[in-house]
Amino acid sequence: MTRNKPPYKLLIFFGVLLISACKKNFSSDQFEDDKLVVLAEITAGDSVKIPIGKTIKVENGSLIRFEKVNDATVTITGTNTMSWVCQPNYSSQYANNPTSVFTNRNRFKSNTTYKIEINHPTLGIVKASTHIPPFPRLISVDSASTTFNNTDVFAASITWKDSADFEEFYIIEAVKELVKNNHWFWYRNKRYSYDTKEGKEFYQQVKNTPGIKILTDTVGLNKFVRLNVYTEDGQSENAKIDKLTNPFRRIFFSDPVFNGELYTTKVYIDKQFFVNPPQKGRVRLQLKSVSRELYNYLKLYEKYKTDFGSVPTNQLISPSGNIANGLGIFGGSAKRERVYYFDVLQ
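Note that numbering that gives the first Met the number 0 has the sequence shown beginning at 0, numbered continuously upward.
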């Protein structure tokens, strides 16, 4: 983005707060029951998944929790004015979510503005909009094993090219995607699973047939475990959030630091989080370009080390979000990623 570089400001994880904004703690009066809550990061290339719930005060009003909401009409409209109606998804994969998840098979596109409207028969109408940025220009990722704070870690040196034409906000994060191996074989043009009792018994009957062999597919379970990330980069906004010797959920950069230029940073992930026999999977290291409101909202929650689901009312700066007549965030992102395997999959 071509402009005079302003003084470097601390943009505070989910909600829009500038460093000069007034800060205040939650009180029990700041939340009301029956307020719709949207907690959605919409990502280019992903199908539509919108978590929606409502606030419920518990423990004498000192804690805020979410309750599922399934009787809302949810509509998303893109730049081309085409609208998608989302339906509540009752799949078992969302059974343990603190909110309902409304889905649609359409996929989000990069460099596109989206609007959401939620119409509930008793809670009213909630609206928000966001822009999914263009994909970040990832140049390279060089990885190696090393030590950090006397701990064996996986180190990744990440280089990307910032755009000089518009302001961008970047987040680096790592998640472990849980996977399983499916085993199967073909017999007379029909596929059989080797992972079932019947399939194994049938394989024993036909295994000597020429061409019969067991094949393997690695299948994602749509379950993800967030991995803590470390940085030594004093240009990251994490340097203003906490000591860089401490772990973070995400690493934050805004482009006034390197506007229109190549930038390289290094992140570290503790190897002990890679291998867990009950949770075998692959590590996804991601560079995201995100909307301003998502960047600020996520950074606020990074500062207070708090996740969605429960909000202690006496510990957080009030997050404003971008949800009109409701609470939460509707933010856009586009990502590039590298995938690494460390578990032995059988």
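Beta carbons: idealized from backbone N, C-alpha and C, even for Gly.
For the alpha helix (DSSP H) containing residue i, list its first residue and its last residue.
| i | result |
| --- | --- |
| residue 285 | Unbroken run through residue 285 is the beta strand (DSSP E), 280-289; no alpha helix (DSSP H). |
| residue 202 | 196-205 |
Report the partner residues of residue i according to the DSSP bridge assignment.
| i | result |
| --- | --- |
| residue 330 | 40 |
| residue 228 | 247 |
| residue 340 | 281 |
| residue 253 | 168 |
| residue 219 | 178 |
| residue 133 | Partner(s): none; residue 133 has no beta bridge. |
| residue 66 | 53 |
| residue 46 | 106 |
| residue 297 | Beta-bridge pairing links residue 297 to no other residue. |
| residue 126 | 116, 323 |
| residue 192 | 183 |
Tell whether a beta-carbon distance below 9 angstroms holds between residue i and residue j.
| i | j | result |
| --- | --- | --- |
| residue 282 | residue 173 | yes |
| residue 159 | residue 120 | no |
| residue 333 | residue 127 | no |
| residue 130 | residue 150 | no |
| residue 171 | residue 264 | yes |
| residue 250 | residue 237 | yes |
| residue 153 | residue 267 | yes |
| residue 328 | residue 293 | yes |
| residue 99 | residue 67 | yes |
| residue 105 | residue 46 | yes |
| residue 246 | residue 269 | yes |
| residue 286 | residue 335 | yes |
| residue 43 | residue 50 | no |
| residue 103 | residue 84 | yes |
| residue 125 | residue 205 | no |
| residue 161 | residue 262 | yes |
| residue 210 | residue 183 | no |
| residue 291 | residue 155 | no |
| residue 169 | residue 252 | yes |
| residue 272 | residue 226 | yes |
| residue 142 | residue 339 | yes |
Measure how close the beta-carbons of residue i and residue j come, nearest whole angstrom, since I'm counting them as under 8 angstroms.
| i | j | result |
| --- | --- | --- |
| residue 280 | residue 176 | 5 angstroms |
| residue 331 | residue 35 | Their Cβ separation, rounded to whole angstroms, is 20 angstroms, which puts residue 331 and residue 35 out of contact at 8 angstroms. |
| residue 87 | residue 52 | Contact flag wrong, Cβ pair sits at about 11 angstroms. |
| residue 167 | residue 254 | 5 angstroms |
| residue 194 | residue 181 | 6 angstroms |
| residue 220 | residue 256 | Incorrect: roughly 37 angstroms between the Cβ atoms, too far for contact. |
| residue 72 | residue 118 | 4 angstroms |
| residue 75 | residue 113 | 6 angstroms |
| residue 243 | residue 231 | 6 angstroms |
| residue 147 | residue 41 | Not quite, the Cβ-Cβ distance comes to about 33 angstroms (not below 8 angstroms), so this is no contact. |
| residue 301 | residue 240 | 6 angstroms |
What residue range is occupied by the uninterrupted beta strand (DSSP E) comprising residue i?
| i | result |
| --- | --- |
| residue 268 | 261-269 |
| residue 84 | 82-87 |
| residue 75 | 72-76 |
With 9 angstroms set as the bound, which would you pick, yes or no: does the beta-carbon of residue i sit closer than that to a beta-carbon of chain D?
| i | result |
| --- | --- |
| residue 155 | Looking for chain D here will not work: only one protein chain is present. |
* Can you list, in chain order, the stretches of the beta strand (DSSP E) that have 3 or more residues and sit fully within the segment 137-190? -> 150-160, 168-186
* **Those runs of the beta strand (DSSP E) which lie wholly inside the segment 99-124 and span at least 3 residues** => List check, beta strand (DSSP E) in window: 99-106, 111-119.
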